[in-house]
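Here the structure is laid out as structure tokens; the discussion comes afterwards.
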Amino acid sequence: MSDPGTRGLRVGRSVVPADELDWRFSGSGGPGGQHANTANTRVELRFDIVASTRLGPRQRERLLERLGPVVRVVASDERSQLRNREIALRRLEERIADALHVERTRRPTRPTKASTERRLEGKRLRAVRKRERRPPDDV
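In case it helps, my numbering puts the sequence shown at residues 29 to 167.
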């Protein structure tokens with residue numbers, strides 16, 4: 029298992045070097061006994077979008093718009109600092125990928141002839157079914 033602190037952050041097709049990531053470690057709260065009190069297993073990973081040298085202008089603009097100047101993720105899920113580092117790096121990659129994702133614009137299309145016929149046939153069948161449920165007209 030490689031150390032997540034030495035590998036870079038994948039942003040689109042490029043890789044941000046590890047020295048642009050700011051790692052901080054602290055004691056994790058919650059249960060865990062002596063281990064939780066002595067080990068700094070909680071991981072905070074920060075990425076400064078403004079100061080990054082590897083982002084293109086469009087990437088930087090989109091990230092600043094959607095995430096702000098600094099992206100911060102925290103992981104304290106596991107007892108191991110190494111696993112928490114992997115989790116934090118994965119979460120940061122996911123947040124950046126989500127922010128960079130561009131939704132395709134929807135082009136409205138006309139319904140096909142077959143779909144229109146299916147819709148109208150369904151309406152006719154429902155009308156017949158409802159008509160059959162009515163009490164007979166005895167006038």
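Backbone N, C-alpha and C define an ideal beta-carbon position, used for all residues, glycine too.
Bear in mind the structure is a predicted one, so any value in this text is a computation, not a measurement.
Item, Value
"Any idea what DSSP makes of leucine 148, helix, strand or coil?", "helix"
"Which full runs of the alpha helix (DSSP H) of 4+ residues lie inside the segment 38-88, going along the chain?", "61-66"
"If I follow the unbroken beta strand (DSSP E) through arginine 100, where does it start and stop?", "98-103"
"Checking 8 Å against the spacing of the C-beta atoms, do leucine 37 and glutamate 121 come in under that value?", "yes"
"What distance in whole Å lies between the Cβ atoms of arginine 107 and threonine 69, which are believed to be in contact at a cut-off of 8 Å?", "6 Å"
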